[in-house]
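Residue numbers (the working numbering): 18 to 169.
So, in structure tokens, the structure goes:
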């Protein structure tokens, strides 16, 4: 038997507007900044959004918070699992702390000490599993099956 992945549904404008409402007053509203050095090559300009200014230092907080916000109370009570090598795990741990939700980050055995410390600083528990993404995902699924936690 061959496992196949279905393409995720496309994000709609309504989805984006709903997420913006959820994130209003929670996420840092990061600016758009022009890259003047490239203005001559691109008449419309190139703009960057410095998401390192966001909570946890990455854009991933936006998705983590939005996802946790839509979970029902029963799912939140079971906790969440974040298979990740760093930024996603930190974002989920941070958002989980905001909601009072237990968080387990499944990280590689080779994880950077700074990324691990970030998860722990935000209240997440770290479980080390392998060195590859498939190993982290499988470990996250096993923990979810054992605990009932939601994989984010």
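Each residue gets a CB set at the ideal place from its N, CA and C atoms; glycine is no exception.
All figures in this text were calculated on a predicted structure; none of them were measured in a lab.
Anticipated Cβ contact below 8 Å, residue i with residue j, distance rounded
| i | j | result |
| --- | --- | --- |
| residue 110 | residue 122 | 6 Å |
| residue 36 | residue 73 | The Cβ separation is near 17 Å, so there is no contact. |
Residue from the options with nearest C-alpha to residue i
| i | options | result |
| --- | --- | --- |
| residue 2 | 150, 33, 45 | Any question about residue 2 goes unanswered here, given that the chain covers just 18 to 169. |
| residue 119 | 93, 133, 147 | 93 |
| residue 100 | 163, 132, 156, 33 | 156 |
| residue 163 | 95, 129, 169, 114 | 95 |
| residue 86 | 116, 66, 49, 58 | 116 |
| residue 45 | 32, 29, 77, 132 | 77 |
| residue 114 | 50, 141, 41 | 141 |
| residue 75 | 166, 161, 29, 132 | 132 |
6 Å CB neighbourhood of residue i in its chain, flanking five on each side removed
| i | result |
| --- | --- |
| residue 80 | none |
| residue 146 | 123, 152, 153, 156 |
| residue 39 | 83, 86 |
| residue 70 | 45, 47 |
With 16 other Cβ atoms within 10 Å as the buried cut-off, status of residue i
| i | result |
| --- | --- |
| residue 63 | exposed |
| residue 97 | buried |
| residue 175 | In this structure the chain extends from 18 to 169, so residue 175 is not present and cannot be described. |
| residue 128 | buried |
| residue 65 | exposed |
Chain-order list of residues whose beta-carbon lies under 7 Å from that of residue i (same chain, five-residue window excluded)
| i | result |
| --- | --- |
| residue 143 | 122, 124, 133, 136, 137 |
| residue 166 | 95, 96, 97, 98, 121, 160 |
| query | Do three or more CB pairs link the stretch 51-63 to the stretch 25-36 at distances below 8 Å? | reply | Result no; under three Cβ-Cβ pairs closer than 8 Å.
| Per the contact definition of three or more C-beta pairs closer than 8 Å, is the stretch 97-113 in contact with the stretch 132-145? | yes
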